[in-house]
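Counting from 1, position 66 in the sequence shown corresponds to residue 683 in the numbering used here; the numbering is continuous, with no gaps. Just so you know, even glycine gets a beta-carbon here, dropped at the ideal spot from N, CA and C.
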Amino acid sequence: MSYIDSLAEKLARDVLLVQKETDDLNLVQEVAAVLEASSSKMHEAFMTAIRVYDSETRARKLLDAKIAAAAKAAGLDPNG
């Protein structure tokens, strides 16, 4: 992993955490605009990391819902 990718991933994680805590739905776009104006490579790496983390979050929610539904159908407590 390159230095730029490492920086972009850490920044993406931090931005998504702050966005979740503050409900600032424009934060990703604001940070992306700053990056785009200063470094196209960093901007691209940041946006890729954002898409990857968002995709994983959506997939994890789907998986959790499927597990809960299967546990409910089997009469089990999905929380263990």
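If you draw a straight line from the alpha carbon of residue i to that of residue j, how long is it in whole angstroms?
i	j	result
I667	K627	10 Å
S623	K689	40 Å
D701	A685	Outside the displayed range of the chain (618 to 697) lies residue 701, so it cannot be described from this structure.
D671	G692	31 Å
D640	S619	31 Å
V669	N643	18 Å
Near residue i, what residues of its chain come up, given a Cβ to Cβ distance below 8 Å and the 5 sequence neighbours on each side ignored?
i	result
K658	I621
Apply the 10 Å Cβ neighbour rule to residue i and answer buried if 16 or more other Cβ atoms are within range, or exposed otherwise.
i	result
A629	buried
V635	exposed
V648	buried
Between which two residues does the alpha helix (DSSP H) carrying residue i extend?
i	result
L642	No alpha helix (DSSP H) contains L642, which DSSP labels as neither H nor E.
Between the segment 646-655 and the segment 671-681, are three or more C-beta pairs nearer than 8 Å? No, they do not touch.
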